[in-house]
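Colleague: Sharing a structure below in structure tokens format, with a few things to ask.
Numbering (the working numbering), first residue to last: 1059 to 1372.
Structure follows, in structure tokens:
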């Protein structure tokens, strides 16, 4: 993996096509397909989107970007009506799947492909961006050479608790490149982009908000608990304001629970890496699906909390 020094100045001579790409309820094979189509899952997804994701994109200090959101063509009528009411804020595309060629065609149709540089950014539909996220990513671009871009610091929100976290290869990944044979931010899992391109990791203020909730067990609490005053500017006004725990309570949790979470993370990551090496990415996904279907085979049901929320797993 090749790392590029943190850069903050862009040559204004370069023209940029920047697209934020979001999955909303694309059909998924196996265990997730039936759950993503459930009424309750979809309505909860809309609620999370309206609370965290949409307002964080709308308030970007730089509006020089497009927002492409993928939906299931078989979405219920009420969801299609909701999309129509909101499509001035984003551009909906309806597909049953998004192979690479289709994604590139959609990006060209959306932007006109007039820029010298194409930037694509992945954003899950229940997470949020800092107000200056788009500006910071664009300012880090220099030329048409392909690179992955990460804002490494962000905040994880779990209920009324906030955690400051540094994730050098996080899911809020961007890829900057030319329009010549683009690969986009969906070229690989977000933490594997550096295997095929240089990586620029930007430090500074928190750049993203990841929400841990009952509908997504892929995300877990990490980092150091902080008071609201430390990151208040990151949260859109639609987000219920967390309680201020005070310095003593934050310190107590960071000294006790944080080390325990770190140990669990190392164990889970080691198991995951071992399984991927043994079975490959596709085999690992098949294994997850098979394990998740066990309750159904023995007469149980699959809880909604077992379903991901748009995280890149290909």
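Quick reminder that beta carbons are idealized off the backbone N, C-alpha and C, glycines included.
1. Thinking residue 1236 and residue 1175 are a contact (beta carbons under 8 Å), I'd like their distance in whole angstroms, please.
2. Hey, is the stretch 1188-1207 in contact with the stretch 1100-1107, meaning 3+ C-beta pairs nearer than 8 Å?
3. Just how far apart, CA to CA, sit residue 1234 and residue 1292?
4. Bridge partners for residue 1266 per DSSP, in chain order?
5. According to the Cβ coordinates, are residue 1215 and residue 1270 closer than 8 Å?
6. What are the uninterrupted segments assigned as alpha helix (DSSP H) that are 4 or more residues long and contained completely in the stretch 1097-1121, given in chain order?
7. Quick check: what's the CA-CA separation for residue 1134 versus residue 1116?
8. Three or more beta-carbon pairs under 8 Å between the stretch 1197-1207 and the stretch 1128-1146, yes or no?
9. Around the C-beta of residue 1136, are 16 or more other C-beta atoms found within 10 angstroms, so that it is buried, or is it exposed?
10. On the premise that residue 1209 lies in contact with residue 1374, defined as a C-beta separation below 8 Å, what is that separation, rounded to the nearest angstrom?
11. Give a yes or no on whether the C-beta atoms belonging to residue 1126 and residue 1186 are separated by under 8 Å.
12. Where DSSP assigns a beta bridge to residue 1061, which residues make up the other side?
13. Tell me residue 1179's beta-bridge partners as DSSP assigns them.
14. Going by DSSP, which residues form a beta bridge with residue 1072?
15. So which of 1130, 1328 and 1075 has the shortest CA-CA distance to residue 1168?
16. Could you spell out where the alpha helix (DSSP H) holding residue 1168 opens and where it closes?
17. Have a look at residue 1164 and residue 1288 and give me their C-alpha separation to the nearest angstrom.
18. Pick out whichever of 1128, 1220 and 1226 has its Cα sitting closest to the Cα of residue 1262.
19. Just to confirm the assignment, what range does the beta strand (DSSP E) spanning residue 1209 have?
20. Do residue 1178 and residue 1077 have their beta-carbon atoms positioned less than 8 Å apart in this structure?
21. Any beta carbon of chain B sitting closer than 8 Å to that of residue 1116?
Modeller: According to the data block:
1. About 7 Å separates the two Cβ atoms, so the contact holds.
2. Taking 8 Å as the limit for Cβ pairs, the verdict is that the stretch 1100-1107 does not touch the stretch 1188-1207.
3. Roughly 24 Å separates the two Cα atoms.
4. For residue 1266, which the question treats as bridged, DSSP gives the partners 1187.
5. Closer than 8 Å, so yes.
6. Runs of the alpha helix (DSSP H) inside the stretch 1097-1121: 1097-1106 and 1112-1116.
7. Whole-angstrom Cα-Cα distance: 25 Å.
8. Touching, no, given that fewer than three Cβ pairs across the two stretches are closer than 8 Å.
9. Exposed: under 16 other Cβ atoms inside 10 Å.
10. With the chain represented from 1059 up to 1372, any question about residue 1374 goes unanswered, as that position is not in the structure.
11. Contact flag unset, no.
12. Beta-bridge partners of residue 1061 (DSSP): 1257.
13. Residue pairing by DSSP places residue 1179 opposite 1078 and 1232 in a beta bridge.
14. Beta-bridge partners of residue 1072 (DSSP): none assigned.
15. Closest by alpha carbon: 1075.
16. Taken as a continuous stretch (DSSP letters only), the alpha helix (DSSP H) holding residue 1168 covers 1158-1169.
17. If you draw a straight line from the Cα of residue 1164 to the Cα of residue 1288, it is about 39 Å long.
18. Minimum Cα distance to residue 1262 is reached at 1226.
19. Start and end: 1205-1209.
20. Yes, the Cβ-Cβ distance between residue 1077 and residue 1178 is below 8 Å.
21. Absent from the structure: chain B. Only one protein chain is present.
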